[in-house]
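So the sequence shown is numbered by this note's numbering: it starts at -16 and just counts up by one. Beta carbons are placed, not taken as given, at the ideal position from N, Cα and C, and that holds for glycine. Each remark here refers to the structure printed beneath this line.
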Amino acid sequence: MSTNTSALAARKVIYDTDPGVDDAMALYYALAHPGIDVVGITTTFGNVTVEQAATNGLYLTEIAGRKIPVTLGVKTPWLKAPGTPPDFIHGGDGLGNLPSRVATTSVLDPRPSAQFIVDMARAHPGEITLVAVGPLGNLATALKLEPKLPQLLQEVIIMGGTVAEPGNVSPVAEANIWNDPHSADFVFTAGWKLTMVGLDVTHQLIVPLALFKKVADHHKHVATDTLHHAVSFYADFYSGIYPHVAKIHGCFGHDVLAFVALTNPELFEIQTGRIRVATEGPANGQTMMRRKDIFYPQPGWGDEVPDTHACLQLKADEALQLIESTLMSNWL
-16 MSTNTSALAA RKVIYDTDPG VDDAMALYYA LAHPGIDVVG ITTTFGNVTV
34 EQAATNGLYL TEIAGRKIPV TLGVKTPWLK APGTPPDFIH GGDGLGNLPS
84 RVATTSVLDP RPSAQFIVDM ARAHPGEITL VAVGPLGNLA TALKLEPKLP
134 QLLQEVIIMG GTVAEPGNVS PVAEANIWND PHSADFVFTA GWKLTMVGLD
184 VTHQLIVPLA LFKKVADHHK HVATDTLHHA VSFYADFYSG IYPHVAKIHG
234 CFGHDVLAFV ALTNPELFEI QTGRIRVATE GPANGQTMMR RKDIFYPQPG
284 WGDEVPDTHA CLQLKADEAL QLIESTLMSN WL
């Protein structure tokens, strides 16, 4: 299995996240992969409150033996009324209702998440990739603080949205974008190198719970035990609503695929076009992609809107092999 970045210097990554079970899965893939250097974790509301997200970010990194700055980010959407975290999907604590937690001592970096993103981008111009797997308020706020941010970051990879696959919170909307559609539209039109890893591909990857038991049995470590417990809760939810997932007893590989897109882009079929986000009405949160070069009379689709790279197809078997081999490697 090729890992393109492993032969090169590890890519510096800021991980913008709302952990969340699949966020934890993605974090441990990133920590295990030799081609990724997680230089900061910025947290947001979404799967849990932002306070719980930050608590989980600190906990997951410390039990894995890593010291990584973790920051507290936006608490609510930019303009939309806030909702309630989906505890029936991720558990009230975001990690499948862990029965206990080991004692930890890590504390938050005092900077707000948006300021941390700006500070790091200025300190390492052109070197940092930002991988965002929750609502996009931290990125939108950082853009307001530093309009040149698209030139300072190397790349932005978003887990969110959908082009052709039905949505998971409405017939047309994916949860991360739906949670803060105004921030999302601001981010999609900002002008950076942007890749969208949406439901079009994440619904093509079912990760079996058995994989996480195998990883936990191999490492015999509190971090992989924690991940196995969290994914068990998550897999029960997905298996309860999707019969084809129940046959495998697993879950969709949502957030981890954002990092797979970073390390192994050759596993994806990518199409380029202009993406806008619906911010009102029944289509709230829909990611609409202009894929044909024809004239549209409605404004907002012209040359002023930058292109987004949207992942539409996935070599799922190869992606699953990569995730397993990475998590089974000697990273703890």
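message: Does S222 pass the burial test, meaning 16 or more other C-beta atoms within 10 Å, or should it be called exposed?
response: Translated into positions along the sequence shown, residue 222 becomes position 239. Buried.
query: Does the beta-carbon distance from I100 to L81 come in below 8 Å?
result: Your numbering for residue 100 matches position 117 in the sequence shown. Your numbering for residue 81 matches position 98 in the sequence shown. No, the pair does not count as a contact, with Cβ atoms beyond the cut-off.
- request: Within 10 angstroms of the Cβ of S83, are there 16 or more other Cβ atoms? Answer buried if so, exposed if not.
  value: For the purposes of this step, residue 83 is taken as residue 100 along the sequence shown, with counting starting at 1. By the neighbour-count rule (16 or more Cβ atoms within 10 Å), S83 is not buried but exposed.
- prompt: DSSP puts R84 in a beta bridge; with which residues?
  reply: Along the sequence shown, one-based indexing puts residue 84 at 101. R84 is not bridged to any residue.
Cut-off 7 Å between Cβ atoms - residues of its own chain near G283, not counting five sequence neighbours on either side: To locate residue 283, count along the sequence shown from 1; it is residue 300. Around G283: R259.
Closest Cα partner of E252 within the set A104, H292, R273, V239: Position 269 of the sequence shown, counted from the first residue, corresponds to residue 252. Out of A104, H292, R273, V239, H292 has the C-alpha closest to the C-alpha of E252.
- prompt: Is it right to say V116 is buried, meaning 16 or more other beta carbons lie within 10 angstroms of its own, or is it exposed?
  reply: What you label residue 116 is simply residue 133 of the sequence shown in a count that begins at 1. Buried.
- prompt: What are the boundary residues of the alpha helix (DSSP H) that includes E301?
  reply: Here residue 301 is taken as the residue at index 318 of the sequence shown, counted from 1. Segment 299 to 311, the alpha helix (DSSP H) holding E301.
query: Taking the Cβ atom as the reference point for each residue, do A13 and V4 lie within a distance shorter than 8 Å?
result: The residue you call residue 13 lines up with position 30 of the sequence shown. The residue you call residue 4 lines up with position 21 of the sequence shown. Between A13 and V4, the C-beta gap is not smaller than 8 Å, which leaves the two residues out of contact.
message: Here's the rule: buried if 16 or more other CB atoms are within 10 angstroms of the residue's CB, otherwise exposed. What is S308?
response: Taking the first residue of the sequence shown as 1, we reach residue 308 at position 325. Looking at its Cβ environment, which holds fewer than 16 other Cβ atoms inside 10 Å, S308 is exposed.
task: Give me the Cα-Cα distance between E34 and E45, rounded to the nearest whole angstrom.
output: Here residue 34 refers to the residue found at position 51 of the sequence shown. Here residue 45 refers to the residue found at position 62 of the sequence shown. The straight-line gap from Cα to Cα measures roughly 17 Å.
- prompt: What's the gap between the Cα of S96 and the Cα of A241?
  reply: Walking along the sequence shown from the start, residue 96 turns up at place 113. Walking along the sequence shown from the start, residue 241 turns up at place 258. Between S96 and A241, the C-alpha separation is close to 20 Å.
query: What's the gap between the Cα of N(-13) and the Cα of Q304?
result: Indexing the sequence shown from 1 puts residue -13 at position 4. Indexing the sequence shown from 1 puts residue 304 at position 321. Low per-residue confidence applies at N(-13): pLDDT is 45, beneath 50, and the placement is therefore not dependable, though the value from the model is reported in the following sentence. Cα to Cα, the separation comes out at about 15 Å.
message: On the CB-based measure, 16 or more other CB atoms within 10 Å of its CB, does A147 come out buried or exposed?
response: Stepping through the sequence shown from its first residue, residue 147 is reached at position 164. An exposed status is given to A147, since fewer than 16 other beta-carbon atoms sit within 10 Å of its beta-carbon.
field: F71 versus G79 - alpha carbon distance
entry: Stepping through the sequence shown from its first residue, residue 71 is reached at position 88. Stepping through the sequence shown from its first residue, residue 79 is reached at position 96. When the Cα atoms are used, F71 and G79 turn out to be separated by approximately 9 Å.
- prompt: Could you give the distance in angstroms between the alpha-carbon of A229 and the alpha-carbon of K58?
  reply: Working through the sequence shown from its first residue, we reach residue 229 at position 246. Working through the sequence shown from its first residue, we reach residue 58 at position 75. Inter-residue distance for A229 and K58 is about 34 Å (C-alpha atoms, whole angstroms).
field: CB contact flag (N159, G77, <8 Å)
entry: To locate residue 159, count along the sequence shown from 1; it is residue 176. To locate residue 77, count along the sequence shown from 1; it is residue 94. In this structure, G77 does not lie closer than 8 Å to N159 by Cβ.
- prompt: Can the beta-carbon of I(-3) be found closer than 8 Å to that of M103?
  reply: Taking the first residue of the sequence shown as 1, we reach residue -3 at position 14. Taking the first residue of the sequence shown as 1, we reach residue 103 at position 120. Against a cut-off of 8 Å, the Cβ pair of M103 and I(-3) comes out as a contact.
First and last residue of the uninterrupted alpha helix (DSSP H) at V243: Locating residue 243 in the sequence shown gives position 260, where the first residue counts as 1. Segment 239 to 246, the alpha helix (DSSP H) holding V243.
field: Reduced DSSP category for M(-16) - H, G, I as helix; E, B as strand; rest coil
entry: Here the question's residue -16 lines up with position 1 in the sequence shown. Residue placement at M(-16) cannot be trusted, given a pLDDT of 37 that sits under 50; the coordinates are not used to answer.
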